[in-house]
Amino acid sequence: MGISTCSGAISLARELENESAKFYQELTKKYEQDKDLFLAFAKENTKYISQIERAYYGVITDAIEGCFAFDLNPEDYQVKAAPSKGASYSDAVKEALAIEEKILTFYGVAAEQSKHLMADVPRSFTLVAKKRNERIPKLKALLDQAK
Amino acid sequence: MAMLEEPIKGVKEVKNYINGEWVDSKGKMVDVVNPATMKVMGKCPISTKDEINEAVEAAKAAFPEWRRTTPLARSRILFRLKELLEENFEELSRIQTMEHGKCIDESRGETRRGIENVEVSCGIPTLMQGYYSEDIATGIDEWLIPSPLGVFGIIGPYNFPFMIPLWSAPYAVATGNTIVIKPSSEVPFSQMRLTELAEEAGFPPGVWNVVNGGRTVVDGMLEHRDIVGITFVGSTPIGKDVIYKKCGETGKRVIAQCGAKNFMVIMPDCNVKATVPALMTSFFGNTGQRCLAGANLLVVGDDDQFYKRFMEEVVAMSSKIKIGYGLDESIQMGPVRDKEKRDNIMGYIEIGIKEGAKLRLDGRKPKIEGGLPDTCFVGPTIFEQVTTKMRIGSEEIFGPVMSVLRAKTLEEAVQICNDSPFGNGHAIFTQNGRSARDFQYNVVSGNVGINIGIVAPVAFFPFSGMKDSFFGVLHTQGQEAVRFFTESKVIIQRWF
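Here it is as structure tokens:
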């Protein structure tokens, strides 16, 4: 089922942040050596949800295109809440990278679709994406170390 | 996607709030039906004349002490109300969806707009400052004090049950007046919740009163000698012939914000990708039940290719709109408020067909998500080849019906807008600054949009209106509301 409403897009963002936070919490349990980094990622996700909700609840008015701003397919952005069973450390980090890339794509598409309509919401998507983008080199570095 | 939980369970009974007490009405009770599910969600009283009199007496008695309460102390209560509204934001929004039918995004938008008026009124210590001239003649000084007047009546409509009373109420009490609100009996629950929060915020008994009901309560307000002013939002016939007229007869000040037939003017240079979603909100948001909704789409120019392409985009997006219960986050358009309103819209669609307009998109048998009864649902409807001589091109339908007209030039388009008896919220969509400037300068409309489909002023600007869309002088919201709710007391002083 496609998402056209702002409420739906915010719920999807919340779901992606929550699911990926769970993923990192799982990594924390499994890999003691990088626990701090994974825990920091999980905590950041909570902040991102707040940031996006603050933008939405602050800007939503009866006058903007809240119900007609998006054309998103949530199936395109499903992420895992835990690493695959039996995954090695490198496989788990690769899965984390895949999650990050998917979420970055989501924020990029969502921001682009709504950029003319509700400036604060796409802006918050873009800001969160920019911050999340900093995870990519960190995860890649972990992958290099694991080789 | 999530179906959000309903905040009202079972059947809730509405009470009046008079002199700081929740009281049962002696009037008959009417069912309040959720228009999406058609389940009875509550019962609202149709209060009696004695009850409105009682509320006015309480408000009158509370006025002297409330007036003496300092603006700073009054604003602190409003700050507390603002906090409580934020804490209960989601519940208030979901109540609106249940009682009215609008989608959750729309309800949240309404809640936000309502709260913004409370925020603005929190600034009352500076907003209601007067001014002073020293030495208007040697040794003589003169100054002005904005002074509260007494008891005001606030009559709310059904289409924005939470927000519209807040265009007036916070400014009225902030300036030291007392109020009696009459919510629409069709949608009383968000006002009831707001009143509970106002009580919790600490307004003294008698300052903020609510009497539910219908015509008897309205007449009681209009006739009561102790009500000094009325704010009203509703239809033009009632606003003009009843509210404005009666307030004139009884010497009350009045704000009567009324009906509309708004034109959305489309220039061939508009940004089509951004314009079409804006038009969806304008014409079909709140299921077309708002005085700032787009009603007539006026496409400018004789480029038939542009017209054809543009209308294809409009029809394609309109026909994909998901209709259902607004608590389902995927829904883009809810029902209209009740069957009577739906029948009225259906009647206009029949009229449009008989008048010879081309029915491009037929909303009479919409696809409704979730297996809901179709009692109150109408789908997006688009008529082409409409003229302003047709009833569908000139009368307010108050539903999701788009009438498409064409004009050769911008000048002709402006003339068509200005020939309408209404002047509420016309808009232009263009990338050309000159066209935008010419439009905003020449069009006779209280609110004007440039690439904005719903021209709803924020709380620190007046909610304007012209011609048959507004009767009165000052408007609700912002500084104008502060002026409406105060009289200028001018003092001239000399000492011998």
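From first to last, the protein sequence lines are chains H and A.
Going by the numbering used here, the first sequence opens with residue 1292, and the numbers climb by one from there.
Going by the numbering used here, the second sequence opens with residue 2, and the numbers climb by one from there.
Even glycine gets a Cβ: it sits at the ideal position worked out from N, Cα and C.
Everything numeric in this text was worked out from a predicted model, so none of it was measured.
Residue environment: Y245/A is assigned as buried (16 or more neighbouring CB atoms within 10 Å of its CB, all protein chains considered). Counting C-beta atoms within 10 angstroms of its own C-beta, W209/A has 16 or more neighbours from the protein chains shown and is therefore classed as buried. In the DSSP assignment, C45/A falls within the beta strand (DSSP E) that extends over V41 to P46.
The beta carbon of M347/A is closer than 8 angstroms to those of R365 and V379 in its chain, skipping five residues each way along the sequence. Chain A places a beta carbon closer than 8 angstroms to that of F1359/H, counting this residue as a contact. Every beta strand (DSSP E) of 3 residues or more that sits fully in the segment 126-194 of chain A is shown, in chain order, as 132-138, 141-149, 152-156 and 179-183. Taking 8 angstroms as the cut-off, the beta carbon of M268/A is found closer than this to the beta carbon of N433/A. The Cβ-Cβ distance between D106/A and T1417/H does not fall below 8 angstroms. Judged by their CB atoms, S404/A and H427/A are not nearer to each other than the 8 angstroms cut-off. Annotated as proximal: T389/A and I417/A, with beta-carbon spacing under 8 angstroms.
A contact is defined here as three or more CB-CB pairs under 8 angstroms, and the segment 1416-1433 of chain H meets this definition with respect to the segment 1395-1404 of chain H. Three or more Cβ pairs closer than 8 angstroms define a contact, and the segment 247-258 of chain A meets that threshold against the segment 474-491 of chain A.
If you compare the alpha carbons of R338/A, I231/A and A175/A with that of G479/A, the shortest gap goes to A175/A. Exclusion of the five residues before and after R361/A leaves M312, V316, I383, F384, E385 and V405 as the residues of its chain whose Cβ lies within less than 8 angstroms of its Cβ.
Between F153/A and G230/A, the C-beta spacing is below 8 angstroms. Within chain H, no C-beta atom comes less than 9 angstroms from the C-beta of R68/A; the nearest is roughly 33 angstroms away. Nearest neighbour of R69/A by Cα position, chosen from D303/A, I19/A and T179/A, turns out to be T179/A.
Residue environment: P422/A is assigned as exposed (fewer than 16 neighbouring CB atoms within 10 Å of its CB, all protein chains considered). Legend: CB atoms of the segment 1293-1309 of chain H lying less than 7 angstroms from CB atoms of chain A belong to residues I1294, S1295, T1296, C1297, S1298, G1299 and S1302.
Secondary structure note for M265/A: its beta strand (DSSP E) is the uninterrupted segment N263 to I267. The Cβ-Cβ distance between P171/A and I165/A does not fall below 8 angstroms. Only residues of its own chain outside the window of five on either side were considered, and among them M39 and K340 have a CB closer than 6 angstroms to the CB of T376/A, listed in chain order.
One finds D106, R109, G110 and R113 in chain A with Cβ atoms closer than 8 angstroms to the Cβ of I1351/H, taken in chain order.
Counting of Cβ neighbours within 10 angstroms places E111/A among the buried residues, the total reaching 16 or more. Secondary structure within the segment 76-124 of chain A: the alpha helix (DSSP H) runs of 4 or more consecutive residues, fully enclosed, are 90-101 and 105-122 (chain order).
Collapsing the DSSP output to three states places E14/A in a strand. By the 16-neighbour rule on beta-carbons within 10 angstroms, E88/A is exposed. Runs of the beta strand (DSSP E) lying entirely within the segment 256-303 of chain A, each at least 3 residues long, are 263-267 and 295-301 in chain order. Per DSSP, the beta bridge partners of T477/A are F464/A. By alpha-carbon distance to I1301/H, the top candidate from R1426/H, K1313/H, S1415/H and D1435/H is S1415/H. According to DSSP, residue pairing for N210/A in a beta bridge involves V181/A. Across the structure, L1433/H and Q1324/H are spaced so that their CA atoms are roughly 11 angstroms apart. Within the segment 1329-1347 of chain H, the residues whose Cβ lies closer than 9 angstroms to some Cβ of chain A are Y1347, listed in chain order. With a threshold of 8 angstroms between beta carbons, E1403/H makes no contact with chain A. Excluding its 5 nearest sequence neighbours in each direction, G151/A has C-beta neighbours in its own chain below 6 angstroms: F64 and V229, listed in chain order. In the structure shown, the three-state DSSP call for L373/A is coil.
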